[in-house]
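To convert a position in the sequence shown, counted from 1, into this note's numbering, add 607.
We put the beta carbon where it would ideally sit given N, CA and C, even for glycine.
All figures in this text were calculated on a predicted structure; none of them were measured in a lab.
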Amino acid sequence: MEGQIQPNGAFIVADGYFSLDGIKSVKEVVEKRFEDRLKTDFYKDFINWSKAENEILLGTYRASAAWSLGSDLGCIFDFRDPDKFVCQDFKLIHSLVNGWIPSESTSIGNNHIIAVKFEGEIPEILHKLYEEKEYRPRAPIDCLQLGICCKNDFPIVLENVKKSRLKSNYS
């Protein structure tokens with residue numbers, strides 16, 4: 608169908624969310640690293656951002672997705688048990704490539720700190736992530752990991768995650 612985006616199976620895995628103190632710490636690191644650099648509109652937007660009740664800042668790693676700010680996402684799933692998922696509309700509102708460079712998008716293969724904005728309340732599953740209270744991520748290796756993807760991509764993401772698990776179990 609014309610104009611319809613085809614699912615591509617891209618997702619990002621998050622293992623922590625930043626508390627208000629954590630957000631403050633992230634902003635301090637970004638400001639310090641940009642002391643002698645050109646401050647883009649993305650930088651200014653992030654530094655001036657005040658978290659609303661329906662927004663959350665997440666620590667993510669090794670993105671397989673390149674999403675522009677404003678992208679409609681909509682699905683969150685348990686990375687280790689992807690049959691457990693929540694679909695709820697939300698958008699990407701900030702992306703910090705490698706955790707400190709405000710950008711217009713996420714980029715494939717990089718770690719990110721991202722802020723997302725929900726149309727309603729933040730789903731409870733996100734509050735089960737490890738709470739980061741400062742910039743330096745400290746999530747334990749065995750903590751909950753959540754995949755984030757576009758709602759339309761979830762069927763193919765689910766299939767691919769399950770296939771990769773089967774492959775690793777029998778390799």
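With 16 or more other CB atoms across the displayed protein chains lying within 10 angstroms of its CB, Ile755 is buried. Here the C-alpha atom of Ile729 lies approximately 34 Å from the C-alpha atom of Arg644. The segment 757 to 765 makes no contact with the segment 723 to 737: fewer than 3 CB pairs, one atom from each, lie closer than 8 Å. With respect to the 8 Å criterion, Glu738 and Tyr624 are classified as neighbours on the basis of their beta carbons. For Glu741, same chain residues with a beta-carbon under 8 Å away, outside a window of 5 residues either side, are Asp628, Gly629, Ser632 in chain order. It is roughly 14 Å from the alpha-carbon of Asn767 to the alpha-carbon of Ala672. Sorting Gly716, Phe686, Leu664 by C-alpha distance to the C-alpha of Phe697 places Leu664 at the top. According to the DSSP assignment, Phe692 belongs to the beta strand (DSSP E) that extends over 692 to 694. Residue pairing by DSSP puts Tyr624 in a beta bridge opposite Leu665, Glu738.
Rounded to the nearest angstrom, the Cβ distance from Leu676 to Ser712 is 7 Å, consistent with a contact under 8 Å.
Where Ile708 is concerned, the enclosing beta strand (DSSP E) starts and stops at 708 to 710. Gly677 carries a coil assignment under DSSP once its states are collapsed to helix, strand and coil.
When the beta-carbon positions are compared, Ala670 and His701 stay at least 8 Å from each other. Under the criterion of beta carbons closer than 8 Å, Asn655 and Lys724 do not qualify as touching, at roughly 15 Å. Cβ contact annotation for Ala617 (same chain, cutoff 7 Å, sequence separation greater than five): Ser671, Ala672, Cys756, Asp760, in chain order.
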